[in-house]
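Working notes, beginning with the structure itself.
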């Protein structure tokens, strides 16, 4: 007897209780938008590494304080706020969370351009961390609801490419902006007044993200999938928190190894990206 392989394949058939998948063409459009947002997040996150010298000079601070700005103040609040914001992504508008987050971190990144003291920069960098914590929990969830299981790994990989594209653009495009800004002694801006070249760089990389927030209006919130598996589940409320914690406890070894492993990878990766430009400038005399 002939078997309809497409109908029998769980990776290509939707559950009859759930809404049908949107067109793959539109789903890829959403991934492209989310990847661009991810690129913005890494440009805003890493541009600081190209501004170590002028910031130290103008604010009279040491490398230790630059380390606090780049890592500690950003990472702690990015991590802590990622937990409740990830929970909000379970039952709130994910598109709305990303839009608010993109506007917030872009605004805070541009706000670094008016910082006059180390404390000011700390507060703005905290804002960048909190804003960026909205992105990936919501983006992963949306992509999982837009794509059939057989295409999900590819879609998430394309979104994840934003890490490397954004990091590269922070150094390449950011370097060009820094080069342009440092040709001027200062800039005169309406309302704000006089700003230094390194402050102008923050305006240049923060303001485009604020404008790109409008593009998220073209993204539709997808129907949530998989909630039918819990017979008593109210789809409007997401997965109960008690069920989330029960799942984590049942798989604690996986979660522990995953978290510790990626934490150490992040320590090495971010430390390198933070200080390698400064090494080239100080040791090798590069611009």
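Numbering (this note's numbering), first residue to last: 1171 to 1457.
Just so you know, even glycine gets a beta-carbon here, dropped at the ideal spot from N, CA and C.
Whether residue i touches residue j by CB criterion (7 Å)
i	j	result
residue 1391	residue 1265	yes
residue 1303	residue 1252	yes
residue 1189	residue 1331	no
residue 1205	residue 1329	yes
residue 1337	residue 1259	no
residue 1366	residue 1228	yes
residue 1201	residue 1360	no
6 Å CB neighbourhood of residue i in its chain, flanking five on each side removed
i	result
residue 1433	none
residue 1217	1340, 1344 and 1375
residue 1292	1243
residue 1114	Summary: the structure shown does not reach residue 1114, with the chain confined to residues 1171 through 1457, and so no result is reported for it.
residue 1151	Here the chain comprises residues numbered 1171 to 1457, so residue 1151 is not present and cannot be evaluated.
residue 1297	1278
residue 1213	1336, 1339, 1340 and 1375
residue 1351	1367, 1370 and 1371
residue 1194	none
residue 1256	1307
Whole-angstrom distance between residue j and residue i, CA atom to CA atom
i	j	result
residue 1355	residue 1364	10 Å
residue 1262	residue 1395	14 Å
residue 1435	residue 1322	24 Å
residue 1384	residue 1199	15 Å
residue 1274	residue 1449	31 Å
residue 1444	residue 1196	36 Å
residue 1446	residue 1453	10 Å
residue 1428	residue 1249	15 Å
residue 1348	residue 1277	19 Å
residue 1440	residue 1239	12 Å
residue 1327	residue 1410	28 Å
residue 1382	residue 1254	25 Å
residue 1288	residue 1279	14 Å
residue 1241	residue 1290	16 Å
residue 1286	residue 1413	47 Å
residue 1425	residue 1417	10 Å
residue 1295	residue 1455	28 Å
residue 1231	residue 1438	24 Å
residue 1468	residue 1233	Past the edges of the chain, shown from 1171 to 1457, lies residue 1468, and the structure says nothing about it.
residue 1300	residue 1209	17 Å
residue 1402	residue 1281	Reliability fails at residue 1402, whose pLDDT of 49 lies under 50, so the model's placement of it is uncertain and no value is given.
Own chain residues within Cβ distance below 8 Å of residue i, not counting five before or after
i	result
residue 1386	1203, 1207, 1265, 1268, 1269 and 1272
residue 1192	1316, 1390 and 1392
Spatial neighbours of residue i in its chain, beta-carbon cut-off 7 Å, leaving aside the 5 residues before and after
i	result
residue 1358	1364
residue 1353	none
Classification of residue i by the beta-carbon crowding that lies within 10 angstroms, buried from 16 upward
i	result
residue 1415	exposed
residue 1371	buried
residue 1431	exposed
residue 1211	buried
residue 1362	exposed
residue 1442	exposed
**Q.** Stretch-stretch touch, CB-based, cutoff 8 Å, three pairs: the segment 1213–1223 with the segment 1332–1352
**A.** yes
(Q) Whether or not the segment 1235–1252 and the segment 1372–1380 are in contact is what I'm after, with contact meaning three or more pairs of Cβ atoms, one per stretch, closer than 8 Å; do they touch? (A) no
(Q) Can you confirm whether the segment 1306–1323 touches the segment 1407–1426 when touching is taken to mean that 3 or more C-beta pairs between the two stretches lie within less than 8 Å? (A) no
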